[in-house]
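These protein sequence lines are chains A and B, in that order. Counted the way this note's numbering counts, the first sequence spans residues 1 to 111. Counted the way this note's numbering counts, the second sequence spans residues 1001 to 1115. The C-beta atom is built at its ideal place from N, Cα and C for all residues, glycine as well. Note that this is a predicted model, so its numbers are computed, not measured. Report on one structure; see the data block that follows.
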Amino acid sequence: GESVGLHLPTLSVQEGDNSIINCAYSNSASDYFIWYKQESGKGPQFIIDIRSNMDKRQGQRVTVLLNKTVKHLSLQIAATQPGDSAVYFCAENGNFNKFYFGSGTKLNVKP
Amino acid sequence: GAVVSQHPSRVICKSGTSVKIECRSLDFQATTMFWYRQFPKKSLMLMATSNEGSKATYEQGVEKDKFLINHASLTLSTLTVTSAHPEDSSFYICSASVQKGTEAFFGQGTRLTVV
Chain A
1 GESVGLHLPT
11 LSVQEGDNSI
21 INCAYSNSAS
31 DYFIWYKQES
41 GKGPQFIIDI
51 RSNMDKRQGQ
61 RVTVLLNKTV
71 KHLSLQIAAT
81 QPGDSAVYFC
91 AENGNFNKFY
101 FGSGTKLNVK
111 P
Chain B
1001 GAVVSQHPSR
1011 VICKSGTSVK
1021 IECRSLDFQA
1031 TTMFWYRQFP
1041 KKSLMLMATS
1051 NEGSKATYEQ
1061 GVEKDKFLIN
1071 HASLTLSTLT
1081 VTSAHPEDSS
1091 FYICSASVQK
1101 GTEAFFGQGT
1111 RLTVV
């Protein structure tokens, strides 16, 4: 399957700061990407998505950037809050509608 | 919003027995359902993809006879772990999507412990 990886396994930020989580993907044919948040013992929760015909998409306090040239995704969280503490995954929707997940980044928000 | 219900949330079984996990889309019809396995502090590993009414497509290295997947209707898929062994202990998660290029909605996961 496709390889979707993350550069930073753990990220610690101060409450109120902005967070940036990165992800690299390998399948240049992938045309849809999602960022998920997973809390301990639960299933992943949708945060934001982006299609390959876009390079930026904004939601509430979150922004996803897509750089197809280098096959890179990032998730920016503004004014990070303690409730944002979780593991974040990018997922790549590639061939045959399969979703492959990256290795994940644990976000720790310090009060 | 779309809800995917997974049952049971936790199960403990004895080695050699089989366990069935159900995944239901409660308020939408899912043409495609996915089954993932997740080890502690690791990512979700795609096991198989199933489309309603057809055989599941298994990822490389996943034993189809070990992990039986049935997607009999647009709202229900089941994963049966056959002849379970302690190494099958894991967190199993299902997801469902309406069509390609749309969000996949996830269930709550099933914690399987084989003793």
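Rank the options by C-alpha distance to the C-alpha of residue i and give the top, closest one.
i: T1102 (chain B); options: A:V70, A:K98, A:K68 and A:Q38; result: A:K98
i: I34 (chain A); options: A:D17, A:T63, A:F96 and A:V13; result: A:T63
i: L1057 (chain B); options: A:P111, A:Y100 and A:F96; result: Just to set this straight, residue 1057 (chain B) is Thr in the shown sequence, not Leu. Per the Cα distances, A:F96.
i: P1040 (chain B); options: B:T1110, B:F1091 and B:V1114; result: B:F1091
Taking 7 Å as the cut-off, is the CB of residue i close to at least one heavy atom of the ligand GDP?
i: G1016 (chain B); result: The ligand GDP is absent from the structure shown, which contains no ligand whatsoever.
Between residue i and chain A, is there a C-beta pair that is closer than 8 Å?
i: S1043 (chain B); result: yes
i: F1106 (chain B); result: yes
i: T1113 (chain B); result: no
i: E1052 (chain B); result: no
i: S1097 (chain B); result: yes
For a cutoff of 8 Å on Cβ pairs, would you count residue i as touching chain B?
i: Y25 (chain A); result: no
Would you call residue i buried or exposed, if buried means 16 or more other Cβ atoms sit within 10 Å of its Cβ?
i: T1017 (chain B); result: exposed
i: T69 (chain A); result: exposed
Is residue i helix, strand or coil by DSSP?
i: F1034 (chain B); result: strand
i: D49 (chain A); result: strand
i: N1070 (chain B); result: strand
i: E1087 (chain B); result: helix
Of all Cβ atoms in chain D, is any one closer than 8 Å to the Cβ of residue i?
i: P82 (chain A); result: The question asks about chain D, but that chain is absent: this structure's protein chains are A and B.
_Please identify, using Cβ separations under 9 Å, the residues of the region 86-104 of chain A that lie next to chain B, in order along the chain._
V87, F89, A91, N93, F96, N97, K98, F99, Y100, F101, G102, S103 and G104
_Can you pull out the residues from the region 47-58 of chain A whose beta carbon lies closer than 8 Å to at least one beta carbon of chain B?_
D49 and R51
*For the region 28-42 of chain A, enumerate the residues whose C-beta is nearer than 8 Å to any C-beta of chain B, in chain order.*
D31, Y32, I34, Y36, G41 and K42
*When Cβ atoms are compared, which residues of the region 1059-1093 of chain B fall closer than 7 Å to chain A?*
E1059 and I1093
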